[in-house]
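Here's the structure, in structure tokens; my notes come after.
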Amino acid sequence: MAPRRFSRRAISHEAWEKIQNTSRKNIRSQRQTHSDICKAVNSRRTIEKNEKFQKRLREVRARCARNGDNAVRLCCIGLTKSQVIDMNKDQWSLLLNKLEIERDGPILNPNSLCDMRYKHASLDGIAAIFDGRLCENIKKVRISEQYTWTAAVTMIFPQWNERPCTLIIDLAKGADELAMALFETAFTQSGQVQHIMTRGGPKLILPVIEFTLKGAKRKSIARVFGPKLSAAIVDGFNPEGSLEEESTENVAMTIKGEGAIFEIFLDPLRAVELAKKLYI
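Counting from 1, position 35 in the sequence shown corresponds to residue 306 in the working numbering; the numbering is continuous, with no gaps.
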């Protein structure tokens, strides 16, 4: 029997399929090679960009010296990585010069920012917050330009509300009465010596004229300063049994002879509402 012969068409068709398959393999191989090359190039570019970015941040830190860390932080927040990297040398040099000029200013040096300070509360203002007895004890200050009397009550607001607001009340009299009401402490001065007696505690004899009391109870604060102020005090009460017996060191009283100075730490947002009444 004669061997079977394949038609030219069948052979050519098979050959064409082989050519197609080979071509597809080459294309896939080329694509893979091209992809590998792109990945390698992109990887090198990424490394170079990261190195350039880090180098420029080091330049910022060096030029801004004492406030270098804050300058770097602001650059990372305010600028994208691409913006830092893509600046040409002249633009980058101008920015570095500007940062160096401003390194001790309020933008790069937050410590240079002054707290907002309000002085001389109005007499009507303290009457709207405190009871009559406390208002009488607060020192009065006359403003010569306006020929009016004001109260020695100061509020200090932090620039960014990151810290409590400080309320300072200067007392002209009544320190002994308020020390007992707030801290259950009595004191007498003999020359340069203070005799201090706390309820349920020892008697102290200190060779000082000034001393500071802390640890007022919640119920005592509300009784002396009223509900509006007590509600604004920073929540730092130490639990001691019932809620009313909780105490806080956010109310301090520094005794100075017959007078005294209160330093009270308030929540900044609630303190704003008090300021609207005190400084009308």
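Glycine included, each C-beta is placed from N, C-alpha and C at the ideal position.
Is DSSP giving residue i helix, strand or coil here?
i      : result
LEU328 : helix
GLN430 : coil
VAL479 : coil
ASN359 : coil
GLY349 : helix
ASP441 : strand
ALA546 : helix
ARG413 : strand
ILE535 : strand
ILE372 : helix
GLY339 : helix
GLU319 : helix
GLU448 : helix
Can you give the Cα-Cα distance for residue i and residue j, rounded to whole angstroms?
i      : j      : result
LEU370 : GLY376 : 10 Å
GLY472 : GLN465 : 16 Å
ASN380 : GLU373 : 9 Å
ASP402 : GLY497 : 7 Å
SER393 : ALA450 : 25 Å
ASN521 : ARG337 : 32 Å
LYS360 : GLY339 : 20 Å
ASN341 : LEU350 : 14 Å
ALA266 : ARG470 : For the chain, the structure presents residues 272 to 551; residue 266 sits outside this window and is missing.
ILE414 : SER364 : 52 Å
LEU442 : PRO478 : 23 Å
THR483 : ALA446 : 12 Å
VAL412 : LYS547 : 19 Å
ILE476 : ALA457 : 12 Å
CYS436 : GLU455 : 26 Å
ALA531 : GLU407 : 14 Å
ILE427 : GLU534 : 11 Å
ALA333 : ILE409 : 51 Å
ILE318 : GLN354 : 17 Å
CYS335 : SER314 : 32 Å
Short check: CB of residue i to CB of residue j, under 8 Å?
i      : j      : result
PHE536 : VAL505 : yes
LEU453 : MET524 : yes
THR421 : TYR389 : no
ALA493 : ASP538 : no
LEU545 : ILE397 : no
In chain order, what residues of the same chain have a beta carbon less than 8 Å from the beta carbon of residue i, not counting five sequence neighbours either side?
i      : result
LYS320 : LYS352, ILE356
ILE480 : GLN460, GLN463, GLN465, LYS527, GLY528
The beta strand (DSSP E) that contains residue i, what's its start and end?
i      : result
PHE496 : Looking at the DSSP string, PHE496 is not in any beta strand (DSSP E); the run it does join, the alpha helix (DSSP H), is 489-496.
MET387 : 387-389
ALA423 : Careful: ALA423 lies outside any beta strand (DSSP E) and carries neither H nor E.
ILE467 : 464-469
Starting from the C-beta of residue i, find all residues in its chain whose C-beta is less than 6 Å away, skip the five residues before and the five after it, and write them out in chain order.
i      : result
PHE277 : Residue confidence for PHE277 is low, a pLDDT of 49 falling below 50, so the modelled location carries little weight and cannot support an answer.
LYS474 : MET468
LEU328 : VAL343
CYS346 : VAL331
ARG541 : ALA503
LYS485 : GLU520, ALA523
LEU366 : none
From what residue to what residue does the alpha helix (DSSP H) around residue i run?
i      : result
ALA457 : No alpha helix (DSSP H) contains ALA457, which is instead part of the beta strand (DSSP E) from 456-461.
ASP506 : No alpha helix (DSSP H) contains ASP506, which DSSP labels as neither H nor E.
ALA398 : 394-400
LEU379 : Element bounds for LEU379: n/a, residue is neither H nor E.
GLY403 : 403-408
Given residue i, which residues of its chain have a CB within under 7 Å of its CB, disregarding the five upstream and five downstream residues?
i      : result
ILE551 : SER393, ASP395, GLY396
LYS323 : ILE356
LYS499 : ILE400, LEU545
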